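Those protein sequence lines, which keep their order, are chains A and B. For any residue, its number in the numbering used here is found by taking its place in the first sequence, counting from 1, and adding 12. For any residue, its number in the numbering used here is found by taking its place in the second sequence, counting from 1, and adding 3. Backbone N, C-alpha and C define an ideal beta-carbon position, used for all residues, glycine too. Computed from a predicted structure; not experimentally measured. A quick write-up on the structure given underneath.
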Amino acid sequence: MSAAVSANTGLIETEQHGLKAHSDGGDAYVPVQSRAERFTSTSVDDFEKVTGFELEWKLTPITRITALIEGELDGSAPTLTFSETPGVTAAWVDRTDARIGSAGAPEERASANAWSSFDKALAIDVTGEELQEFVVTREATDSTPRAGHTVITAAPFSRGLVILRNSGDAQLTENVEIVVGDQAALTVVTVQEWNDESNHLASHFARVGRDARLRHIVVSLGGGVVRVNPSIHLVESGADASAFGLYFADSGQHLEQRVYIDHVAAQTKSRVKYKGALQGATARSVWVGDVLIGPHATGTDSYEENRNLVLSEGPRADSIPNLEIETGDIMGAGHASSTGRFDDEQLFYLQSRGIPEDEARRLVVRGFLAEIVAQIGSDDLETHLSAAIEAELSEAQGH
Amino acid sequence: MSNLEIRDLHVSVETELGTKQILKGVDLSIGEGETHAIMGPNGSGKSTLAYAIAGHPKYTVESGSVKLDGEEVLTMTVDERARAGLFLAMQYPVEIPGVSVSNFLRTAKTAIDGAAPPIRGWIKDLDSSMSQLRMDKSFRERNVNEGFSGGEKKRNEILQLELLKPKFAVLDETDSGLDVDALKIVSEGVNRAKANTGLGILLITHYNRILKYIQPDFVHVFVAGKVVEQGGPELAVRLENEGYDRFLSNAVVGS
């Protein structure tokens, strides 16, 4: 087992590609760059070819996803199924639709490649004030590299739970925009249960309005390389975001998530909690948590946390919290990160009550991940995920 | 008649300064339905005895034996010891995030009995034990020991004692941190378990206080890793009045 853990206050990074000539290996001077200053563009041509040395890509096995970063993408609308839900509408819209581009723009080439290539975007509008659950199911069946674009818009005062469920065979790079109107309360859940050969890169961009609340939940269980990067911008006062994540990496899987919380306005609040289990010699996970508290974000209350449970010899979990604070007048900003094996005291306690060791381990892992599952708010999905985690655990122990 | 026989038990622990001997030849015999109090100053090895019996991996048994009804316990895994009929009520029970009390108790009961308890009787037993321990029903859905107060953790230990019905229980400073009301409730739970199942008890304590509520049949004074004096309940009273000084004058106190 090896685990790389670092905690920085203030980012120390190389400058973004595409701004000026590459400096790796040349100039020894490494400029300090704020997360806010990262280059963005919706055009893939504005980004240089990815080498794997970039800050954004250095922890990702890019040779497994070259087609998604560099290749031609099929941008046609895929076959998706939607649940019929009052207060929620879904439609395919043109690239020129006003909703597109309202929450953010790509910071890296795979995201820009998707943005440059999609033909139609899926627009989901949540308008009802009664909480409704809306499920988009993608059961993909081919390995054509594809681009996707989704815009989820929660109208002011609306409430909704939008679940994106992904399974099957896919090579997909996509952008998901999320706009949460004033005083709306929206939960977006993205679930990745792909087959082993599938690769999936997703950038989520969210704008959270005045006194609005976004709960964003990433669940990655299946797939080869799965990288889901949510960027959440708290742009009006009183905006509140909770970002949760759950992943279970087996051998051969690379599950990555780069979370960015951008406190722009005053009196905003964020909580980030990602929990992962890793099992198998080549299981791999990456969590990067960037929190930026901008100069006007007085009264910010922020905390981010990543916990990894390593279940066997060999996995590697990178866990990198970064905190940038540009105003002194905040409520709180903290981070925590841990990557470790089983807690011997927990195992001893359970075993001392007669519970055999392998069952005690399952109980601990299940409990460890259950905290995130319980955040979802959909009984069907929670039941399904509990069973899926159970299956991962049984597989892990060779039952 | 069940019995627990501890013979010439030597136990060490690894520390930063090397191997440290904690137990230096402990002999104890506990019969069914008997209550033995082990009293001693801090650092005398009382808790080590409790954990060594339960099989905590931190402690190394150098020599000696612990037999439950003639079966050697020391070669068993931690869970095998529990299934054989041993129970340790811990001084500092750990939190298990995401595992509810109800799920935990049912899993443990199933493991101990070898089969899931019939649902109706189980709920009834659980409800009645919890209400006798003044535990609100909402405890069932809380995560094991998470956010519990000191008193709640101890009650949760005794709840398990009542439901799992072991032959012998080691209570490791169960009285520590309890106010008098909680102490009474917890003691009643222990006494009920004893009355109902003929439980044998090894009661480890620093103070005489709990012995007003749980009557010991025997009192053992534990100093520097072994029993230095034994007697009846009157010995506890004498310790209360005189302290441990007369035992400490020519003994080296462990850390």
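query                                                                                                                                                                                                         : result
If distances are taken between C-alpha atoms only, which option among A:Asp-181, A:Leu-335, A:Gln-204 and A:Arg-328 comes closest to Thr-351 (chain A)?                                                       : A:Arg-328
Among B:Ile-188, B:Gly-48 and B:Thr-18, which one has its Cα closest to the Cα of Val-231 (chain B)?                                                                                                          : B:Gly-48
Quick one: measure Cβ to Cβ for Leu-205 (chain B) and Val-240 (chain B), integer angstroms, because I've assumed they're closer than 8 Å.                                                                     : Not quite, the Cβ-Cβ distance comes to about 20 Å (not below 8 Å), so this is no contact.
Looking at the secondary structure, which residues open and close the beta strand (DSSP E) in which Ile-136 (chain A) lies?                                                                                   : 132-138
Identify the contact partners of Pro-60 (chain B) in chain A, using a Cβ-Cβ distance below 8 Å as the criterion.                                                                                              : Asp-356 and Phe-360
By Cβ distance, which residues of its chain are closer than 7 Å to Lys-70 (chain A), with the 5 residues on each side in sequence left out?                                                                   : Gly-64
Name the one or two DSSP bridge partners that Thr-208 (chain B) has.                                                                                                                                          : B:Met-42
Residues of chain A with CB under 9 Å from Asp-82 (chain B), in chain order?                                                                                                                                  : Leu-362, Gln-363, Ser-364, Arg-365, Gly-366, Ile-367, Pro-368, Glu-369, Glu-371 and Ala-372
For the stretch 94-112 of chain B, which residues have a CB atom closer than 7 Å to at least one CB atom of chain A, in sequence order?                                                                       : Pro-96, Val-97, Ile-99, Pro-100, Gly-101, Val-102, Thr-110 and Ala-111
By alpha-carbon positions, which one of A:Glu-82, A:Thr-395 and A:Glu-383 ends up nearest to Glu-149 (chain B)?                                                                                               : A:Glu-383
Using a Cβ-Cβ distance cut-off of 8 Å, determine whether Phe-380 (chain A) contacts chain B.                                                                                                                  : yes
Less than 8 Å between C-beta atoms, sequence neighbours within five positions excluded: which residues of the same chain meet that for Gly-180 (chain A)?                                                     : Arg-150, Glu-151, Ala-152, Thr-153, Trp-206, Asn-207 and Ser-210
Could you tell me which uninterrupted beta strand (DSSP E) segments, each at least 3 residues in length, are contained entirely in the stretch 226-307 of chain A, listed from first to last along the chain? : 237-246, 252-261, 266-275, 281-290 and 296-305
Check whether chain B comes within 8 Å of Leu-393 (chain A), counting only Cβ atoms and requiring the distance to be less than that.                                                                          : no
Go to Gly-101 (chain B), then tell me how far its beta strand (DSSP E) extends in each direction, as first and last residue.                                                                                  : 99-103
Whose Cβ in chain B lies nearer than 7 Å to the Cβ of Leu-321 (chain A)?                                                                                                                                      : Correct list: empty, because the minimum Cβ distance to chain B is about 11 Å.
If the cut is a Cβ gap below 8 Å, which residues of chain B does Glu-383 (chain A) touch?                                                                                                                     : Pro-100 and Gly-101
Taking 8 Å as the CB-CB cut-off, is Leu-12 (chain B) touching chain A?                                                                                                                                        : no
Go ahead and label Leu-167 (chain B) buried or exposed: buried means 16 or more other beta carbons lie within 10 angstroms of its beta carbon, across all protein chains shown.                               : buried
For the 8 Å Cβ check, are there 3 or more pairs between the stretch 82-92 of chain B and the stretch 341-350 of chain A?                                                                                      : no
Check the C-beta distance from Leu-176 (chain A) over to Thr-202 (chain A) and give it rounded, since I have them as a contact under 8 Å.                                                                     : 4 Å
For chain B, is any of its Cβ atoms less than 8 Å away from the one on Leu-290 (chain A)?                                                                                                                     : no
Is the beta carbon of Ile-164 (chain A) sitting closer than 8 Å to the one on Arg-121 (chain A)?                                                                                                              : no
I want to verify the contact list: residues of chain A whose CB lies under 8 Å from the CB of Ile-115 (chain B), in sequence order.                                                                           : Arg-365 and Gly-366
For a cutoff of 8 Å on Cβ pairs, would you count Gln-24 (chain B) as touching chain A?                                                                                                                        : no
So is Leu-167 (chain B) in contact with chain A if we call contact Cβ pairs under 8 Å?                                                                                                                        : yes
With three or more C-beta pairs closer than 8 Å as the rule, is the stretch 362-377 of chain A touching the stretch 123-142 of chain B?                                                                       : no
For Val-62 (chain A), would you say it is in contact with chain B, using Cβ-to-Cβ distances shorter than 8 Å as the test?                                                                                     : no
Please determine, among B:Gly-34, B:Val-102 and B:Phe-225, the residue with the shortest C-alpha to C-alpha distance to Gly-262 (chain B).                                                                    : Missing from the structure shown is residue 262 (chain B); chain B here goes from 4 to 258 and no further.
Would DSSP call Leu-92 (chain A) helix, strand or coil?                                                                                                                                                       : coil
Rounded to a whole number of angstroms, what is the C-alpha to C-alpha distance between Glu-17 (chain B) and Lys-61 (chain B)?                                                                                : 8 Å
Tell me, please, which residues DSSP counts as bridged to Arg-121 (chain A).                                                                                                                                  : Arg-121 (chain A) pairs with nothing; no bridge assigned.
I'd like the list of long-range same chain contacts for Ser-32 (chain B), defined as Cβ closer than 6 Å, with 5 residues on each side in sequence excluded.                                                   : Glu-8
Distance check for Lys-70 (chain B) and Leu-173 (chain A), CA to CA, integer angstroms please.                                                                                                                : 58 Å
If you compare alpha carbons, which of A:Leu-198, A:Pro-168 and A:Ala-159 is closest to Ala-182 (chain A)?                                                                                                    : A:Ala-159
Distance, Cα to Cα, Glu-407 (chain A) vs Asp-262 (chain A)?                                                                                                                                                   : 10 Å
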